[in-house]
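Just so you know, the protein sequences line up as chains H and G, in that order.
Residue 106 is where the first sequence starts when you use this note's numbering, and the numbers rise one by one after that.
Residue 0 is where the second sequence starts when you use this note's numbering, and the numbers rise one by one after that.
Just so you know, even glycine gets a beta-carbon here, dropped at the ideal spot from N, CA and C.
Data first, discussion second: the structure below is written as structure tokens.
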Amino acid sequence: RKEVEQDPGPFNVPEGATVAFNCTYSNSASQSFFWYRQDCRKEPKLLMSVYSSGNEDGRFTAQLNRASQYISLLIRDSKLSDSATYLCVVNHDNNNDMRFGAGTRLTVKP
Amino acid sequence: GAGVSQTPSNKVTEKGKYVELRCDPISGHTALYWYRQSLGQGPEFLIYFQGTGAADDSGLPNDRFFAVRPEGSVSTLKIQRTERGDSAVYLCASSSTGGDSGANVLTFGAGSRLTVL
Numbered sequence: 106r107k108e109v110e111q112d113p114g115p116f117n118v119p120e121g122a123t124v125a126f127n128c129t130y131s132n133s134a135s136q137s138f139f140w141y142r143q144d145c146r147k148e149p150k151l152l153m154s155v156y157s158s159g160n161e162d163g164r165f166t167a168q169l170n171r172a173s174q175y176i177s178l179l180i181r182d183s184k185l186s187d188s189a190t191y192l193c194v195v196n197h198d199n200n201n202d203m204r205f206g207a208g209t210r211l212t213v214k215p
Numbered sequence: 000g001a002g003v004s005q006t007p008s009n010k011v012t013e014k015g016k017y018v019e020l021r022c023d024p025i026s027g028h029t030a031l032y033w034y035r036q037s038l039g040q041g042p043e044f045l046i047y048f049q050g051t052g053a054a055d056d057s058g059l060p061n062d063r064f065f066a067v068r069p070e071g072s073v074s075t076l077k078i079q080r081t082e083r084g085d086s087a088v089y090l091c092a093s094s095s096t097g098g099d100s101g102a103n104v105l106t107f108g109a110g111s112r113l114t115v116l
């Protein structure tokens, strides 16, 4: 079993739609969680950290469920510019060693 | 520097040759990571440095791969006897590991695209 698993998609949604991605992780000792965004042929960039109580940044909401060992990302009112691959990132064994999921590809269409 | 710098940006080599990829992290970042990414896949962990030492090298696929960070800043990923399957984008990232809010937040370089013919 992979340490971090994501549904690869692709998710194809119209502008204005709400879309949610889930990510599961296998290491119960993990304590740091992030969502990164990667545009085609570019490097990954931090989208947002995921905090225990859940957190929101504009149209983006991240949540953590420790009991079930998954994190989620919700995007409201999708924009064309949201089209990208979204990567789930979890630390390994509660240290600074960061592991990535395979990514979920989102395409927002007019 | 202001960001993470990787050189070369592109490298084409022949099967069996030796390759070095360089990463210059953000000044002051103690943690440095190497990942490998193939088309349509997420970044695959290779090795993680804390200062000069490799804190975790469990992701290195075999003994043809080796990485160093002798002074705790610049790192070099070395690949011996390259194979066609080594073709990928090699990504380097750095982060601070203090108690600040930036801990564990990775900043990536633009990557080194390796093509083995």
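Assigned exposure category for residue i - 16 Cβ within 10 Å defines buried
i: residue 209 (chain H); result: buried
i: residue 145 (chain H); result: exposed
i: residue 162 (chain H); result: exposed
i: residue 79 (chain G); result: exposed
i: residue 223 (chain H); result: Absent from the model: residue 223 (chain H). The displayed extent of chain H is 106 to 215, so no value can be given.
i: residue 111 (chain G); result: buried
i: residue 172 (chain H); result: exposed
i: residue 66 (chain G); result: buried
i: residue 60 (chain G); result: exposed
i: residue 168 (chain H); result: buried
i: residue 129 (chain H); result: buried
i: residue 134 (chain H); result: exposed
i: residue 83 (chain G); result: exposed
Bounding residues of the beta strand (DSSP E) (the contiguous stretch that carries residue i)
i: residue 130 (chain H); result: 124-130
i: residue 162 (chain H); result: 160-162
i: residue 10 (chain G); result: 9-12
i: residue 25 (chain G); result: No beta strand (DSSP E) holds residue 25 (chain G); DSSP gives it neither H nor E.
i: residue 82 (chain G); result: No beta strand (DSSP E) contains residue 82 (chain G), which DSSP labels as neither H nor E.
i: residue 108 (chain G); result: Unbroken run through residue 108 (chain G): none, as it is neither H nor E.
i: residue 210 (chain H); result: 209-214
i: residue 179 (chain H); result: 175-180
i: residue 51 (chain G); result: Premise fails: residue 51 (chain G) is in no beta strand (DSSP E) and is neither H nor E.
Nearest-angstrom beta carbon gap, residue j and residue i [assumed within contact, 8 Å]
i: residue 108 (chain G); j: residue 90 (chain G); result: 7 Å
i: residue 111 (chain H); j: residue 207 (chain H); result: 6 Å
i: residue 55 (chain G); j: residue 202 (chain H); result: 5 Å
i: residue 113 (chain G); j: residue 87 (chain G); result: 6 Å
Segment contact, 8 Å Cβ cut-off, at least three pairs: the region 150-157 of chain H with the region 24-34 of chain G = no
Cβ contact check for the region 189-196 of chain H and the region 119-139 of chain H: 3 or more pairs under 8 Å = yes
Evaluate contact between the region 158-174 of chain H and the region 9-18 of chain G, counting only Cβ atoms and requiring at least three cross-stretch pairs below 8 Å.
-> no
Give the residues from the region 48-69 of chain G that approach chain H closer than 8 Å (Cβ to any Cβ), ordered along the chain.
-> 49, 54 and 55
Along the region 186-207 of chain H, what residues have a CB closer than 7 Å to any CB found in chain G?
-> 192, 196, 201, 202, 203, 204, 205, 206 and 207
Check each residue of the region 74-93 of chain G: if its Cβ is closer than 9 Å to any Cβ of chain H, include it; give the result in chain order.
-> 88, 90 and 92
Interfacial residues, the region 147-164 of chain H to chain G, with Cβ spacing under 8 Å = 147, 148, 149, 150, 151 and 154
Which residues, in chain order, does the region 1-22 of chain G contribute to contact with chain H at a C-beta distance below 8 Å?
-> none
What residues in the region 123-138 of chain H have a beta carbon less than 8 Å from any beta carbon of chain G?
-> 137
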